[in-house]
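Peer 1:
Residue numbers (my numbering): 1362 to 1741.
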């Protein structure tokens, strides 16, 4: 996603990252392929799988509806245990990419919330259709509201960059089309060395045409120097990945001693989660969000990956509020002209829930987690 999740919709991806998932795909591919036979599908000139030609499309999103996805069992990535309890279930209310009813489990040891079972890696092109909202944000159809949010997000980004040198090196993992990099280029220090990495060639092409330095690939396919970066940002990405601990360990190798990582992700300690947790919570984003954190489990993730925790706070976002209402309405077969008021194109809904979540944030119940982590060691 991609303005925080607040602005998460700008993140572009084909593989998990409302955003992009990076290296853990390759780490877990061998394990999943041992259980699932995958085949390459030929794409027609218009980008549709030939094997999907006869499949129905959702009337709203235009996404191809696949009867069933291939699913694999999951476990808690923090405790590495299957000791869990089903706490929620729901459908792909947003894109209708399958008819599956997905289950959400919660670890009985640490409280981590995760999708179980989850789609196999071979199903990524199905669950991230070409109409996925991550690809739409670059069109900048939001006018004045877009400009206001752009400046607000730039202010937030610059607050993460305090105490950086004027020649600092910054990396955005799962950068999509480079939205955050563009803000840092426009509003930050001119001497900053800005880089991004993303799996999706369409997103990367958009960013490169805007003059941004974006590598296409994942953290284990793109050659990036170790102990080189002063700041790495991971916005609306970690919830999409198969192995969050391994992803953060890989990022730690790229940071200089004393370097910082900022992680932004959906908050299962938020008020919107508490109200909609059984089925409709927008943060589930069925079936694209695999691991979901609260401040406690985020701290455990950070420590498991070898980081020290500077601060974990909550952040304002209207997106999950908006989509929670949207999902509730869709499940009740509400007419499209009504559900359309609760999407990322609805300025009224986004504005209202932004103000509402500002109140929640004051009580530590904001929709997003904002974690500031540090690699141990002293800067050279």
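Glycine residues also receive a C-beta, built at the ideal position from the N, C-alpha and C atoms.
In the DSSP assignment, the alpha helix (DSSP H) including residue 1677 goes from what residue to what residue?
Peer 2: Where residue 1677 is concerned, there is no enclosing alpha helix (DSSP H), given that its DSSP letter is neither H nor E.
Peer 1: Take every Cβ of the segment 1560-1574, pair it with every Cβ of the segment 1504-1520, and state whether three or more of those distances are shorter than 8 Å.
Peer 2: Contact fails: fewer than three Cβ-Cβ distances are below 8 Å.
Peer 1: Between the C-alpha atoms of residue 1735 and residue 1632, what's the straight-line distance to the nearest angstrom?
Peer 2: For residue 1735 and residue 1632, the distance between alpha carbons rounds to 28 Å.
Peer 1: Counting pairs of Cβ atoms below 8 Å between the segment 1694-1714 and the segment 1595-1604, do you hit three or more?
Peer 2: In short, these stretches do not touch, since the Cβ pair count stays below three.
Peer 1: By Cβ distance below 7 Å, which residues in the same chain neighbour residue 1548 in space, the five residues on each side in sequence not counted?
Peer 2: Taken in chain order, the residues that qualify are 1515, 1519.
Peer 1: Measure how close the beta-carbons of residue 1653 and residue 1627 come, nearest whole angstrom, since I'm counting them as under 8 Å.
Peer 2: That belief holds up - the Cβ atoms of residue 1653 and residue 1627 are roughly 6 Å apart, short of 8 Å.
Peer 1: In the segment 1548-1615, which residue ranges form an unbroken beta strand (DSSP E) of at least 3 residues, counting only runs that do not cross its ends?
Peer 2: DSSP runs (the beta strand (DSSP E)) wholly in the segment 1548-1615: 1554-1559, 1575-1577, 1590-1596.
Peer 1: What first and last residue would you give for the alpha helix (DSSP H) that runs through residue 1532?
Peer 2: It is not in any alpha helix (DSSP H) - residue 1532 instead sits in the beta strand (DSSP E) that spans 1530-1534.
Peer 1: Buried or exposed: residue 1554, going by 16 or more other Cβ atoms within 10 Å of its Cβ?
Peer 2: That one is exposed.
Peer 1: If residue 1539 sits next to residue 1575, beta carbons under 8 Å apart, how far is it from one beta carbon to the other, in whole angstroms?
Peer 2: Yes, they are in contact, since the Cβ atoms of residue 1539 and residue 1575 sit about 5 Å apart, within 8 Å.
Peer 1: So, are the CB atoms of residue 1683 and residue 1710 less than 8 Å apart?
Peer 2: Contact: yes.
Peer 1: Could you have a look at residue 1696 and say whether DSSP puts it in helix, strand or coil?
Peer 2: In this structure, residue 1696 counts as coil in the three-state DSSP scheme.
Peer 1: Opposite residue 1464 in the DSSP bridges: which residues?
Peer 2: According to DSSP, which records beta bridges pairwise, residue 1464 is partnered with 1450.
Peer 1: Where does residue 1537 sit, in a helix, a strand or coil, going by DSSP?
Peer 2: DSSP places residue 1537 in coil when its eight states are reduced to three.
Peer 1: Measure the alpha-carbon distance for residue 1611 versus residue 1687 and round it to whole angstroms.
Peer 2: The alpha-carbon atoms of residue 1611 and residue 1687 are separated by roughly 36 Å.
Peer 1: If you reduce the DSSP assignment to three classes, tell me which class residue 1669 lands in.
Peer 2: Strand, per DSSP.
Peer 1: Under the DSSP definition of a beta bridge, which residues are partnered with residue 1732?
Peer 2: Looking at the DSSP assignment, residue 1732 forms a beta bridge with 1624, 1673.
Peer 1: When DSSP labels each residue in this structure, what does residue 1632 get in the three-state scheme?
Peer 2: Helix, per DSSP.
Peer 1: What distance in whole Å lies between the Cβ atoms of residue 1452 and residue 1647, which are believed to be in contact at a cut-off of 8 Å?
Peer 2: Confirmed, about 6 Å.
Peer 1: What number of angstroms, rounded off, separates the C-alpha of residue 1665 from the C-alpha of residue 1659?
Peer 2: So the two alpha carbons sit approximately 10 Å from each other.
Peer 1: In the DSSP assignment, what residue or residues form a beta bridge with residue 1480?
Peer 2: In DSSP, residue 1480 forms a bridge with 1432.
Peer 1: Among residues of its own chain, excluding the 5 on either side of residue 1557, which ones have a beta-carbon nearer than 6 Å to its beta-carbon?
Peer 2: For residue 1557, where only same-chain residues beyond five positions count, the Cβ hits under 6 Å are 1533, 1536, 1539, 1542, 1575.
Peer 1: Taking DSSP as the reference, what is the three-state secondary structure of residue 1727?
Peer 2: Residue state, collapsed to three classes: coil.
Peer 1: The alpha helix (DSSP H) that contains residue 1487, what's its start and end?
Peer 2: 1485-1488 is the span of the alpha helix (DSSP H), which, as asked, contains residue 1487.
Peer 1: For residue 1654, which residues does DSSP report across the bridge?
Peer 2: Answer is 1628, bridged to residue 1654.
Peer 1: Is residue 1520 helix, strand or coil by DSSP?
Peer 2: Residue 1520 falls in the helix class under three-state DSSP.
Peer 1: With which residues is residue 1445 paired in a DSSP beta bridge?
Peer 2: According to DSSP, which records beta bridges pairwise, residue 1445 is partnered with 1468.
Peer 1: Within the same chain, show all residues whose beta-carbon is closer than 8 Å to that of residue 1446, passing over the 5 residues directly before and after it, in chain order.
Peer 2: Once the five neighbours on either side are set aside, the close Cβ partners of residue 1446 are 1466, 1467, 1469.
Peer 1: I'd like to know whether the C-beta atoms of residue 1624 and residue 1732 end up nearer to each other than 8 Å.
Peer 2: Cβ distance < 8 Å, so residue 1624 and residue 1732 count as in contact.
Peer 1: Evaluate residue 1509 with the Cβ neighbour count: other Cβ atoms within 10 Å of its Cβ, from every protein chain shown; 16 or more gives buried, anything less gives exposed.
Peer 2: So residue 1509 ends up on the exposed side.
Peer 1: When the Cα atoms are used, what is the spatial distance from residue 1649 to residue 1674?
Peer 2: Going by the C-alpha atoms only, they are around 24 Å apart.
Peer 1: Relative to the C-alpha of residue 1585, which residue among 1486, 1559, 1444, 1694 is closest?
Peer 2: Minimum Cα distance to residue 1585 is reached at 1559.
Peer 1: Out of 1679, 1431, 1613, which has the shortest C-alpha to C-alpha gap to residue 1706?
Peer 2: For residue 1706, the nearest C-alpha among the options comes from 1679.
Peer 1: For residue 1618, which residues from the same chain have a beta carbon less than 8 Å from its beta carbon, with the 5 sequence-adjacent residues on both sides left out?
Peer 2: Around residue 1618: 1588, 1736, 1737, 1738, 1739, 1740, 1741.
Peer 1: Checking 8 Å against the spacing of the C-beta atoms, do residue 1638 and residue 1448 come in under that value?
Peer 2: Yes, Cβ-Cβ distance for residue 1638 and residue 1448 is below 8 Å.
Peer 1: In angstroms, rounded to a whole number, what distance separates the CA positions of residue 1667 and residue 1608?
Peer 2: Distance between the alpha carbons of residue 1667 and residue 1608: 12 Å.
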